[in-house]
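Single-structure report; data block below.
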Amino acid sequence: MLAAYNTALIGVADGTVDEVADRIVEPGFDRGTDGFLVLAGDGLPVGYGTTFGRGDREVVGIQVWSQQAAVADWLFEQTMHRAREMGRERGHAEITVDTEVYRADESLRTLLSDHDFTASTTYQRMRIDHTGPIATPEAPAGVVVRRGAFDDATRWTAHQIIIECLRGQVGFVARPHDEWIEALDGTSTFDWSLITLLEIDGRAVAIRLCSEEYVETEKCGHIGMLGVFEEFRGRGLATFLLRDAFARDAAAGLAGTNLNVDTNNPTQALRLYQAVGMNPTLISDGWRRVLPVI
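When the letters of the sequence shown are read in order and numbered with the numbering used here, they come out as residues 763 to 1056.
Have a look at this one:
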C-alpha cells in the first residue's frame, strides 16, 4: 500500500518492507496506540498513519498515507488525537506537531493547510551518480580519520557531535543516549562500521553517519548525517567526508550516493552539496502546527 501510494506521487516506491518493520519497533513507538492501519472489506490495506513522540513529547511527528480522501481524513484525526494525548500525558499545555510531505502530494498538503498547518521548511533529496572508480581523497592536513564506532566511548562521542551539530534545526529533538543506541541497533540498514569521525589534536570534531537504506531500491549509498563543529567549519572537513563517501560507494559498485538536506539549514549545507556535484532528485516540505492540548 505504501509503495503504491508513493509510486503514484513520485514514480518510485521510496521504501521497503524492512524499513516499515524498523519503524514500528523503534524505541518510543507503541504499536498498540501510535499506529493506525485501515483495511478494506477484502482485507487489503487502504491507509496507514503513525504518531511518534520526540523527547518529552513537546514535539510530535505524524504521518498519513492513503489514496482515499475519507480514509486520509480519518487517519489525520486519529494521529492528531494521539498527539494531543501524548502532550497531555506529559503535562504540556501545547505541543508542536510536525510532518513531512512530498511536494507532489497536493491532497495531503491541502488537508494540512485546511487544519492550520503551515509549511516550515523544504527538504531536498540530493544525489550524485557514480559511473566508474573515484579516487579516495586525502584527509586535510592535521586530520585523523577514525572509521567505525564499535565501543561505548566512541558511540558517546558520535552522539554528542550529532546533538551539537543539529541543535536548533527544525524538528530536531535530542534522544537520550541509550535510546539513540537502541534505535540504531534496531535499524536493518545500519551498522556501526558506517560511522566515520574526524579528529584534530585528539578531539573528534566532525562526523559522517551512513546507511544502506537505498541500496535495495536505488543501488545507492546514503549519508544519513554529516556534521562539523562550528569552529572547525571552513577547513574542508565536510567536503572530505562527502568525497570519501563517494569513493567508497563507487568502490562498492553502487550507482550513486544520496542524502537529504533541509534547505533552510543555517550551515548552508545545500550550497556545499551542490559544489561537490550533487543534484536534487526529490522535494518535500516540512509542515508544522502548534497545538493546544489542554
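For glycine and all other residues, C-beta sits at the position ideal for the given N, C-alpha and C.
What residues match up with residue i in a beta bridge as DSSP calls it?
{"i": "phenylalanine 814", "result": "Gly823"}
{"i": "histidine 939", "result": "According to DSSP, histidine 939 bridges with nothing at all."}
{"i": "glycine 712", "result": "Past the edges of the chain, shown from 763 to 1056, lies residue 712, and the structure says nothing about it."}
{"i": "alanine 1009", "result": "None; alanine 1009 has no bridge partner."}
{"i": "proline 1028", "result": "None, per the DSSP bridge assignment."}
{"i": "aspartate 860", "result": "Gly823, Arg1050"}
{"i": "cysteine 927", "result": "BP columns for cysteine 927 are empty, so no partner."}
{"i": "proline 807", "result": "Leu801"}
{"i": "glycine 989", "result": "Ile969"}
{"i": "alanine 1060", "result": "Past the edges of the chain, shown from 763 to 1056, lies residue 1060, and the structure says nothing about it."}
{"i": "asparagine 891", "result": "According to the sequence provided, residue 891 is aspartate. The question's asparagine does not apply to it. In DSSP, aspartate 891 forms a bridge with Gly1018."}
{"i": "glutamine 886", "result": "Val1023, Ile1045"}
I need the boundaries of the alpha helix (DSSP H) containing residue i, first residue and last residue.
{"i": "aspartate 796", "result": "Unbroken run through aspartate 796: none, as it is neither H nor E."}
{"i": "isoleucine 786", "result": "779-786"}
{"i": "threonine 958", "result": "Per DSSP, threonine 958 belongs to no alpha helix (DSSP H); it is in the beta strand (DSSP E), 957-962."}
{"i": "alanine 845", "result": "831-851"}
{"i": "serine 869", "result": "868-876"}
{"i": "threonine 769", "result": "764-772"}
Following the continuous beta strand (DSSP E) through residue i, name the residue where it begins and the one where it ends.
{"i": "serine 1046", "result": "1041-1054"}
{"i": "arginine 909", "result": "905-909"}
Thinking just about the alpha-carbon of each residue, which of the options is nearest to the one in residue i?
{"i": "glutamate 900", "options": "Gly797, Tyr1035, Ala1031, Gly998", "result": "Gly998"}
{"i": "glycine 948", "options": "Leu956, Asn768, Val779, Val787", "result": "Val787"}
{"i": "leucine 1034", "options": "Leu988, Ile1045, Arg1010", "result": "Leu988"}
{"i": "glycine 894", "options": "Ala1017, Trp918, Gln931", "result": "Ala1017"}
{"i": "glutamine 825", "options": "Glu862, Asp780, Leu799, Ala765", "result": "Glu862"}
{"i": "phenylalanine 912", "options": "Ile957, Ala802, Leu1044", "result": "Ile957"}
{"i": "phenylalanine 991", "options": "Leu928, Ala1014, Arg816, Gly983", "result": "Leu928"}
{"i": "glycine 904", "options": "Gly815, Ile962, Phe879, Gly817", "result": "Ile962"}
{"i": "alanine 866", "options": "Gly773, His892, Lys981", "result": "Gly773"}
{"i": "proline 1028", "options": "Pro902, Gly930, Ala855, Thr795", "result": "Gly930"}
Is the CB-CB distance between residue i and residue j below 9 Å?
{"i": "threonine 812", "j": "arginine 846", "result": "no"}
{"i": "threonine 1019", "j": "alanine 1007", "result": "yes"}
{"i": "arginine 819", "j": "arginine 852", "result": "yes"}
{"i": "alanine 1000", "j": "alanine 1031", "result": "yes"}
{"i": "asparagine 1022", "j": "tyrosine 864", "result": "no"}
{"i": "phenylalanine 798", "j": "glutamine 829", "result": "no"}
{"i": "phenylalanine 994", "j": "valine 1038", "result": "no"}
{"i": "serine 955", "j": "arginine 909", "result": "yes"}
{"i": "alanine 752", "j": "alanine 783", "result": "Outside the displayed range of the chain (763 to 1056) lies residue 752, so it cannot be described from this structure."}
{"i": "valine 859", "j": "arginine 1010", "result": "no"}
{"i": "glycine 823", "j": "glycine 933", "result": "yes"}
{"i": "leucine 870", "j": "alanine 832", "result": "no"}
{"i": "glycine 964", "j": "serine 973", "result": "no"}
{"i": "leucine 1044", "j": "arginine 887", "result": "yes"}
If I'm right that residue i touches residue j with Cβ under 8 Å, what's the distance once you round it to whole angstroms?
{"i": "isoleucine 969", "j": "isoleucine 923", "result": "5 Å"}
{"i": "valine 1055", "j": "glycine 849", "result": "4 Å"}
{"i": "threonine 919", "j": "leucine 959", "result": "7 Å"}
{"i": "tyrosine 810", "j": "tryptophan 836", "result": "The pair is not a contact, with the Cβ atoms about 12 Å apart (cut-off 8 Å)."}
{"i": "glutamate 941", "j": "glycine 790", "result": "7 Å"}
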